[in-house]
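Heads up: the sequence shown runs through residues 8 to 146, numbered per the numbering used here.
Scroll down for the structure; my scribbles are underneath it.
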Amino acid sequence: KHIYVDLSTQTLYAYEGKTQIMKTLISSGRWGRTPVGNFNIWEKLRATRMAGGQGADAYDLPNVPWVMYFHNDFGLHGAYWHNNFGHPMSHGCVNMRPIDARELYSWVDAPTSKQPGTAVSICNQFKEPDTCIQDNAIN
8 KHIYVDLSTQ
18 TLYAYEGKTQ
28 IMKTLISSGR
38 WGRTPVGNFN
48 IWEKLRATRM
58 AGGQGADAYD
68 LPNVPWVMYF
78 HNDFGLHGAY
88 WHNNFGHPMS
98 HGCVNMRPID
108 ARELYSWVDA
118 PTSKQPGTAV
128 SICNQFKEPD
138 TCIQDNAIN
């Protein structure tokens, strides 16, 4: 299992082997940069509160659904507060339509003592089926 996020087209792809499981529009970082690199899901939460930013940029969102953290506090999750997918709208997380986030959440593997969680690659550009172009990846 592997998730790819193409920042240039604001599109998420999910693959199991060479089979595409999902392709959907997302919203990545506008007010904060979505980190480019290769990660693994480290935690799944059915829902959680997300808060941060400061001043006019502050946010406090209860019950953010279908959260899949992949790097520190950056995650893939449902977004009920906008419907502007296909355009950067977040503080760095990968926003998804709640219906898509729920489907992805049920497919994604959380880490176990024997294996890491599902792989996540954040790409500046993605070319199907598995070419992830990364400029200035953080890892």
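We treat Cβ as the ideally placed atom computed from N, Cα and C, and that holds for glycine.
Sequence-distant partners of M29 (beyond 5 residues in either direction) whose C-beta falls short of 8 Å from its own C-beta, in its chain, are L19, Y20, A21, D107, E110, L111 and W114. Scanning its chain for C-beta atoms nearer than 6 Å, with the 5 sequence neighbours on each side dropped, one finds around N70 the residues A54, in chain order.
Around the CB of S128, 16 or more other CB atoms lie within 10 Å, so the residue is classed as buried. The secondary-structure analysis by DSSP pairs M57 across a beta bridge with L68. As a beta-bridge residue in DSSP terms, N47 pairs with A126. Comparing alpha carbon positions, the residue from T26, R40, Q27 and G24 closest to S15 is R40. The continuous beta strand (DSSP E) containing A21 extends over residues T18 to E23. Bridge pairing for Q27: Y22 [DSSP]. Distance from V43 to D142 at the Cβ level is roughly 7 Å; contact confirmed, criterion being Cβ atoms closer than 8 Å. Of the candidates D80, L52, F92 and I10, the residue whose Cα lies closest to the Cα of W73 is L52. Residue environment for Y66: exposed (fewer than 16 other C-beta atoms within 10 angstroms of its C-beta).
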